[in-house]
Amino acid sequence: MDAWVRFSAQSQARERLGRAAQYACSLVGHALQKHGASPELQKQIRQLEGHLSLGRKLLRLGNSADALESAKRAVHLSDVVLRFCITVSHLNRALYFACDNVLWAGKSGLAPRVDQEKWAQRSFRYYLFSLIMNLSRDAYEIRLLMEQESSACSRRLKGSGGGVPGGIETAGPGSPGTPGGGLPQLAVKLQLRVLLLARVLRGHPPLLLDVVRNACDLFIPLDKLGLWRCGPGIVGLCGLVSSILSILTLICPWLRLKP
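Numbered by our numbering, the letters in the sequence shown go through residues 4 to 262 in order.
Here you go:
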């Protein structure tokens, strides 16, 4: 298993470059179809996309072992929520890669009797569950950081004798044009939460990149499973953005969210 993990780690960069090229082809193909390009050119782009997809599946052979090893490491995390989200995410990724390997065997002709549609649906379901767990983990970390930032702001304001963070003043119940003060205060609280969220994400680039990447990836299984039809253009764009962000985390390891 260790040998497979080492092999998977070495092929990660090539797989992500192939993924970016595949979704770029999907986006270009959609643009060509929309602008009335010749059927022959559209066919060539689709064939290139198919070849890139098959090549990526070959590079992902053994990634199930890598995902299982990551799940084993995540089991020892002290935070219960992080332990659950990360472990379940990695287990679903392992199942997703296993289904992907079966698909590769079917498309390459090694197992011609494989029902590719059935295995593709299984693969995307596991992929969707993994992304949901990733986004749940992101939401949990954002909530923790927002609570820490809010507590730090409160301590600073108590020390300086200031008002509401960000210089926004809440209107009291007796203020003109604010009967009861309920709705304006709710709007101010919402504005403060949005400002706090923006501050937290700006101060933690790895978390911001992970949220954007997972949110972009979410459109792919939703479209493939028929839960939310986005169209090949949106899927191609989201896949390309997600792939570029993944490549960025390989180039700059400090941008990778830990643990």
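Built from N, CA and C at the ideal position, the CB exists for glycine as well. Just so you know, these numbers come straight off a predicted model, no measurement behind them.
{"Item": "Quick check on the burial criterion: 16 or more other C-beta atoms within 10 angstroms. Buried or exposed for His79?", "Value": "exposed"}
{"Item": "Report buried or exposed for Pro115, applying the criterion of at least 16 other Cβ atoms within 10 angstroms of its Cβ.", "Value": "exposed"}
{"Item": "On the three-state DSSP scale, how would you describe Cys102?", "Value": "helix"}
{"Item": "Note down the Cα distance separating Ser153 from Pro235, rounded to an integer number of angstroms.", "Value": "41 angstroms"}
{"Item": "Distance, Cα to Cα, Gly206 vs Asp141?", "Value": "15 angstroms"}
{"Item": "Apply the 10 Å Cβ neighbour rule to Arg146 and answer buried if 16 or more other Cβ atoms are within range, or exposed otherwise.", "Value": "exposed"}
{"Item": "According to the neighbour-count rule (16 or more other Cβ atoms, all chains shown, within 10 Å of its Cβ), is Arg63 buried or exposed?", "Value": "buried"}
{"Item": "Can you tell me whether Ser126 is helix, strand or coil according to DSSP?", "Value": "helix"}
{"Item": "Any contact between the segment 100-108 and the segment 123-134? By contact I mean 3 or more CB pairs, one from each, below 8 angstroms.", "Value": "yes"}
{"Item": "Using the three-state DSSP reduction, which class does Leu228 fall into: helix, strand or coil?", "Value": "coil"}
{"Item": "Below 8 angstroms between beta carbons: does that hold for Ser249 and Arg19?", "Value": "yes"}
{"Item": "Give a yes or no on whether 8 angstroms exceeds the smallest Cβ distance from Arg259 to chain B.", "Value": "In the structure shown, chain B does not exist; there is a single protein chain."}
{"Item": "Touching or not, the segment 217-228 and the segment 237-247, by the rule of three or more beta carbon pairs under 8 angstroms?", "Value": "yes"}
{"Item": "Quick check on Cys219: does DSSP put it in helix, strand or coil?", "Value": "helix"}
{"Item": "For the alpha helix (DSSP H) that His54 lies in, which residues bound it at each end?", "Value": "42-62"}
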